[in-house]
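Undergrad: Reminder that position 154 of the sequence shown reads as 163 in the working numbering, one-by-one numbering, no gaps. Ideal Cβ positions, reconstructed from N, Cα and C, are used throughout, including at glycine.
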Amino acid sequence: MPGPDVANSWPPPVKRILLTADQIQERVSQLAAQLQRDYAGRRPLLVAVLRGSVVFLSDLIRHLNMPVCLDFVQLASYGDSTCSSGQVEVLKDLGTDIAGQDVVVVEDIVDTGRTLAYLVEELERRGAASVKVCALLDKPSRREVPVRLDYVGFEVPDCFVVGYGLDFAGQYRNLPYVAELSPQAYAPQEE
Ligand code: IMP
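#1: List in chain order: all unbroken alpha helix (DSSP H) runs of 4+ residues lying wholly within the stretch 15-51.
#2: Looking at the secondary structure, which residues open and close the beta strand (DSSP E) in which Phe65 lies?
#3: Quick check: is any heavy atom of ligand 1 less than 7 Å from the C-beta of Glu164?
#4: For a minimum of 3 consecutive residues, which ranges assigned as the beta strand (DSSP E) are wholly contained in the stretch 104-190?
#5: Which residue from Gln193, Tyr186, Ala196 puts its Cα closest to that of Ile33?
#6: Using a 10 Å radius around the Cβ and a threshold of 16 neighbouring Cβ atoms, would you call Asp106 buried or exposed?
#7: Quick check on Leu128 - is its C-beta less than 8 Å from some C-beta in chain B?
#8: Taking 8 Å as the threshold (C-beta atoms), are Ala144 and Val161 in contact?
#9: Since Ser82 is in the beta strand (DSSP E), which residue starts that stretch and which ends it?
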């Protein structure tokens, strides 16, 4: 994961744009249509994982012509290749009792799968009637923990991406597209 040293530059140090704003908007409306069909006659609780999924969530819900409720959770994952168990810390918990509710987790990107695996298990433990996952981006080549993704926007290659909610050291979430960050942005600088 890149370090924060050069995260103030603008325009962003982008290697290539992977998904344009138009491509994203079209796919988000398709995902919403799918959700609307699958949850017809019900009122799902969308649980968004802060902070990366807020842009996706806000576009997604404006395409949903049906009753929905929202809640938010913020998690930090400390798992890495040297620690197979992977620890997840809850930084902000849900404000809702989810027992008996149809929950849809809204994620920005699924990488190792650790964060999501923890969250899905926790939501099931708390008695959700059902738990499905809607992720904008999937990086399957990086998976360490198996997770079921019910709705996926796009698969992306194994590279560090920014934009449309995704950050590098807190920056670039406001880009309307998804781009691969230039490796120079985080490569060690020569003296
Ligand atoms: P996981 O637990 O490894 O699946 O981590 C998922 C979280 O890591 C995402 O919700 C993001 O916050 C972050 N993440 C993983 N890959 C990227 C990336 O390419 N760009 C920005 N954030 C990422």
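TA: From the atom records:
#1: Contiguous alpha helix (DSSP H) elements confined to the stretch 15-51 occur at 30-47, taking only those with 4 or more residues.
#2: Per DSSP, Phe65 belongs to no beta strand (DSSP E); it is in the alpha helix (DSSP H), 63-70.
#3: No, Cβ of Glu164 sits at least 7 Å from all heavy atoms of ligand 1.
#4: Counting only unbroken stretches of 3 or more residues, the beta strand (DSSP E) elements lying wholly within the stretch 104-190 are 111-119, 139-147, 160-164, 187-190, in sequence order.
#5: Nearest in C-alpha terms to Ile33, of all of Gln193, Tyr186, Ala196, is Tyr186.
#6: Exposed, because fewer than 16 other Cβ atoms sit within 10 Å of the Cβ of Asp106.
#7: Reference to chain B is not applicable here, since this structure consists of a single protein chain.
#8: It is a contact, given that the beta carbons lie within the stated cut-off.
#9: According to the sequence as given, residue 82 is Val; it is not Ser. Per DSSP, Val82 belongs to the beta strand (DSSP E) from 78-86.
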